[in-house]
Every structure is written in structure tokens, then in C-alpha cells.
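Below: the structure, in C-alpha cells.
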Amino acid sequence: MLTNALYIISTPIGNLGDISPRAKGILQEADVIACEDTRVSKKLFSLLGLSLQKKFITYHDHNEEEKAQEITDIIAGGKAVALISDAGSPLISDPGYKLVRKCREQNVNVTAIPGACAVITALQLSGLPTNRFMFAGFIPNKEKAREDLFNELKNIDTTLIFYETAPRLIKTLEKGAEIFGNREIAVARELTKIHEETLTGSFSDIIASFSQTEPKGEFVVMIAPPDNKENIFSSEAVADLLREKMQSVSLKSAVKEVAQISGLNKNEVYDLALRIKNDEL
Ligand code: SAM
């Protein structure tokens, strides 16, 4: 029997095989399933061969406020409640945050069973830097709001990730081209499904590609960080940093550290280090 708690459970984003045995076990044993849409979740249960003999309650954007306390009370009363979304990881551009907050405030146990999440899967496939990234949710539909958001984010030094829908994709990419210029981008669609595809290139490359084949399915749009390393680190500044490091650590370690700090290619930094060592610089 499960202990009473809120179990946040990630479900597949396309491929049913991505449900974990642990997630399946908890879905089977939970007393109550809190879900966005009971029809979608009952279908998932049937496909996974799970019993439907339990209570399903809806918890979505429009009733989050009132339902959060009701669900917290159910758990406090001794029940195990599993929170799921229509697909993927609950709380990530999906409801759940207010419920988790309420549980924490009232010392009700919360735990999470990790699994599929479109942001992470897309980032892994993008070929864009993963050391720092910012997920900014859905891109607003209104032109002004979209433009304001892009302007707000354009100088942030991280890979930017957004959710987007097929009908809006081209408009978004056109606005992106205007604001982000020639930054590299990646667009992932239909992740874990038969038509999974990840395209990379400039905004105009991707627009051209989707002008030939109409965008279909679910999309994640990613934008590379601004390429401003040269502005921040002139070659003189890198050389100075290298000289300083080479006094205290080995040439190899100095190269590694300076490459990390400056974001420059290791080979370039190594060449500089050799020239410093040979008094050519
Ligand atoms: N919480 C979910 C997650 O992150 O796993 C996302 C829910 S959000 C309401 C739905 C959006 O996520 C879609 O419009 C799309 O942008 C993205 N998404 C979900 N599944 C996807 C997939 N298989 N391939 C690409 N994008 C997907």
C-alpha cells in the first residue's frame, strides 16, 4: 500500500514505452488520480493495461485554485494521490504548481517520479549548448507580447527554449529572425513519435524548410545563446588570463580553465598558450 502523499508522475510524450515501471506501479496503486482531462488519462490507463477502478478528479488551469485545497485535504486524510498531465511532466507548462505549494505549506508529503519531458528531450537533441538554458514556456500568441518577450530575452547568455504550436510556428520564426538575427536555432517536433525530427540552422533555413512542408505536430523551438564571447574576451584579455594561470598551474590546466571561462575553443587557447610559452606573444 502506498503511503499518503502527492505523487507527481511524468507520463509519455508520444511513445508509450517511456513510462517507467515505478510510475506504472504508483498509477496502479494510487487511490486518486488528479488529471487535466479524465478522458485523456483514462485512455492512457487503458493503453497501459492499468485498472480504472479508482477515482479520477480533474485538476486544470481553470479550477487549480479551488481544487488545490480539496486535493491537499484528500492526501492529509490518508490517501495517495497521483498527479498527471495529459502528457509529459506535470507542472512544466502544465498545472500543478499551486497544488505542490499548498501541500508544502501544510506539511503534506510530495514526491516526484521523473520521466519524459519535452524541454529536456528537445535540448538533448538540439546540438545547442546545454550548460546553461532557460525554458520560457509557450510563446505568446499576440504579436506585441511575442515581440516584448523576445526583446526581453535576447541578451540573456543561455540557450532559450520555448514550446510552440504548429499553426504559429512560421510567425514565431519570422519574428525571431527580426529580433535574434543570425543566431543558430533548433526546432524539434513530434519527439518520441514516428515523425520525430530535429532541424538546426538559421531562422531563414528553418523558415524555408517549413515553407516547403507545412509544420505539423508538437514543437519545441530553441535559440542558441548570443555569440558575444569575442566582445567580452578580447584576445589580449585571454592572453593575460593565460599568463596569469600559467604561473600557478600546468599549461594543460591553464588552457582548460581559460577555455572554460572564455567559452573559446580549447585548440585556439592552446595555440595562444604555446605562443606565450615560446615568448612569441
Ligand atoms: N508538461 C509537458 C512536458 O514538458 O513534458 C508539456 C505540456 S505543454 C501543455 C504541451 C507542449 O509541449 C506542446 O505544445 C509542445 O510544444 C510540447 N511537446 C509536448 N510533447 C511534445 C513532443 N512529443 N514533441 C515536441 N513537443 C512536444
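Okay, so the sequence shown: first residue is 5 according to my numbering, each after it adds one. The C-beta atom is built at its ideal place from N, Cα and C for all residues, glycine as well. Source: prediction; values computed, not measured.
Note the first and the last residue of the continuous alpha helix (DSSP H) segment covering residue i.
i	result
T125	A122 to S130
L276	K270 to K281
I165	Run containing I165: none in the alpha helix (DSSP H); it sits in the beta strand (DSSP E), T163 to T169.
G4	This structure leaves residue 4 out entirely; the chain is present only between 5 and 285.
R26	P25 to E33
First and last residue of the beta strand (DSSP E) that includes residue i?
i	result
V85	A84 to L87
R193	I189 to R193
G141	F137 to F142
L10	A9 to I13
Quick one: what does DSSP say residue i is sitting in, helix, strand or coil?
i	result
I183	helix
L153	helix
M1	Because the chain spans 5 through 285 in this model, residue 1 falls outside it and cannot be assessed.
E178	helix
E234	Its pLDDT being 47, under 50, E234 is placed unreliably in this model, and the value from its coordinates should be taken loosely. Residue state, collapsed to three classes: helix.
L245	helix
L285	coil
V259	helix
T211	Residue identity differs from the one stated: residue 211 is Ile in this sequence, not Thr. Three-state result, I211: helix.
I265	helix
Closer than 6 Å by C-beta to residue i: which residues in its own chain qualify, once you throw out the five before and the five after it? Chain order, please.
i	result
S89	E40 and D98
P16	D22, I23 and A120
E168	I143, T176, F223 and V225
G92	I17, A120, C121 and A122
D161	P229
Rounded to the nearest angstrom, how far is the Cβ of residue i from that of residue j, given a contact under 8 Å?
i	j	result
K249	E261	6 Å
S14	A27	7 Å
A243	L285	6 Å
F184	F207	7 Å
N159	P230	6 Å
Distance cutoff 7 Å, beta carbons only. Does residue i sit that close to anything in chain D?
i	result
L48	Of the protein chains in this structure there is only one, and it is not chain D.
Near residue i, what residues of its chain come up, given a Cβ to Cβ distance below 8 Å and the 5 sequence neighbours on each side ignored?
i	result
T196	P16, I17, G18, N19, D22, A120 and T125
S50	L56
N235	Low confidence applies to N235: its pLDDT is 48, below 50, so where it sits in the model is not reliable, and the reading given next is rough at best. Answer for N235: no residue qualifies.
Whose C-beta lies closer than 7 Å to the C-beta of residue i among residues of the same chain, with five residues either side of it excluded?
i	result
L48	T15
Taking only runs that begin and end inside the region 39-122, name each unbroken beta strand (DSSP E) of 3 or more residues, in chain order. For the region 39-122, whole beta strand (DSSP E) runs of length 3 or above, ordered along the chain, are 59-62, 84-87 and 114-117.
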